[in-house]
Amino acid sequence: MEVVICKTKEEASRKAADMIAALVKKNPKCVLGLATGSTPVPMYSALAKDVKAKKISFKQVKSWNLDEYYGLPGTHDQSYRYFMNANLFDKIDIKKANTHVLNGLAKDWKKECKAYEAQIKKAGGIDLQVLGIGSDGHIAFNEPGSSLASRTRLVSLTDQTIKDNARFFKKAADVPKFALSMGVGTICEAKKVILLAFGKNKSDAVKAAVEGGVSQFCTASALQMHQDAWFFCDEEAASKLKLKKYYAWRAEGELSRQ
Ligand code: F6R
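Residue numbers (our numbering): 6 to 263.
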C-alpha cells in the first residue's frame, strides 16, 4: 500500500488523475471502477480538463460503478447514475453504453448483482478502481462488519453513513437505508486501486485503514493485502498517521517509477 500525502485535495486529485490518464493512454480500452461521493469530484474535473485539452480520450474505456442506492431510479438527482452523468460522463467522451451502474430499481437484486459481476469478468476485470472512504472506514457500501470476502449484494447502511449522506437530501428520513454494492472481495480483485481521502473527518478512517489491523470493522483495511493500492490524501486526512514522513518519502520514489 502506498500513501501519497499532498498539501491540498486539488494537488492529490491531480496526481490521482495523472495515474488514471497514464493508464488510459497506455491502454485506451481499459476498464475502470468508479466511485461517487464528494471526494472524487475534483479528480473527475481534472480528467474532464484533460479530455477537453485532447490529452486523453475515454472513447473506448468501459466503466463499472461501485454502488447505487436501492430504491432510487437512475433519473433521481441523488442516484449514483445521475451523479456520474453530471460529474463525469457528460463531461468526457466516454460512450454512455460503456458505463455501468447497478440498477437501484432491480426487483431481483440477486440476479442484478450476479449479472454485474459477470459483466465485469467478461470485460476482463477492472484495471483500476477508484475509491473514497467513509468516516467509519467503509469502501463502496461495505460497512463495518462486512465480510472481507463479500461480493456484489444488497447491503443495509449504518446510521453513521445515513447521517453522513443526509447533507445531500432534503431530510435524513429521505436517505435510502439500503444499497446495492460491490463487495470487498470484488474490489480487491481490481488490478490497481486508488483511494482518495480528504479532510479531518477522514483522519481516523485513514489511520485505521493504513496502520490498524486488517479487519472487517474497517473494510478499507483489506487494501493492506492488495499488491497495488494507492491512498491519495490531503494533510488533514493523513494527520493521524504515525509513519507519515516515511510514506511521503517512499511514495515519491514509487510514483516516479510508475
Ligand atoms: C461512493 C462510495 C462511498 C464513498 C464514501 C465517502 O460510491 O462508494 O464509499 O466513497 O462514503 O463519501 P464522500 O466522498 O462523500 O465523503
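Heads up, the beta-carbon is just placed ideally off N, CA and C, and yes, glycines get one too.
Problem set entry | Cβ neighbours of K212 in the same chain (closer than 7 angstroms, five flanking residues each side left out) | Locating residue 212 in the sequence shown gives position 207, counting from the first residue. Within the same chain, Cβ atoms closer than 7 angstroms to the Cβ of K212 are found at K245, L246, the five residues on either side in sequence being excluded.
Exercise. For F146, is the beta carbon positioned less than 7 angstroms from some heavy atom of the ligand F6R?
Worked result: Here the question's residue 146 lines up with position 141 in the sequence shown. Flag set: Cβ of F146 near the ligand F6R.
For this session: Starting from the C-beta of L110, find all residues in its chain whose C-beta is less than 6 angstroms away, skip the five residues before and the five after it, and write them out in chain order.
Result: As a first step, residue 110 must be located in the sequence shown, where it is residue number 105. Closer than 6 angstroms at the Cβ level, and outside the excluded window around L110, lie P78.
Exercise. Is L37 near S68, with beta carbons less than 8 angstroms apart?
Worked result: Translated into positions along the sequence shown, residue 37 becomes position 32. Translated into positions along the sequence shown, residue 68 becomes position 63. Yes; because the gap between Cβ atoms is below 8 angstroms, this pair is in contact.
For this session: Return the residue from the list A154, F146, K175 that minimises the CA-CA distance to D164.
Result: Locating residue 164 in the sequence shown gives position 159, counting from the first residue. Selected option, being the one with the closest Cα: F146.
Exercise. Excluding sequence positions up to five away, which residues of its chain have a Cβ less than 7 angstroms from the Cβ of E240?
Worked result: The sequence position of residue 240 within the sequence shown is 235, counting from 1. Short of 7 angstroms from the beta carbon of E240, and not among the five residues preceding or following it, lie these beta carbons of its own chain, in chain order: I10, K12.
For this session: Would you kindly report the start and end of the unbroken beta strand (DSSP E) that includes L133?
Result: Here residue 133 refers to the residue found at position 128 of the sequence shown. Counting along the chain, the beta strand (DSSP E) containing L133 begins and ends at 133-136.
Problem set entry | Rounded C-alpha distance that separates F183 from T41 | For the purposes of this step, residue 183 is identified with residue 178 of the sequence shown, where counting begins at 1. For the purposes of this step, residue 41 is identified with residue 36 of the sequence shown, where counting begins at 1. Distance between the alpha carbons of F183 and T41: 16 angstroms.
Exercise. In angstroms, rounded to a whole number, what distance separates the CA positions of A243 and P33?
Worked result: If you number the sequence shown from 1, residue 243 lands on position 238. If you number the sequence shown from 1, residue 33 lands on position 28. The straight-line gap from Cα to Cα measures roughly 33 angstroms.
Exercise. Can you list, in chain order, the stretches of the beta strand (DSSP E) that have 3 or more residues and sit fully within the segment 58-111?
Worked result: 67-70, 72-74
Problem set entry | Which listed residue (F174, L52, G150) has its alpha carbon closest to that of D95 | To locate residue 95, count along the sequence shown from 1; it is residue 90. Distance from the Cα of D95 is smallest, within the candidate group F174, L52, G150, for L52.
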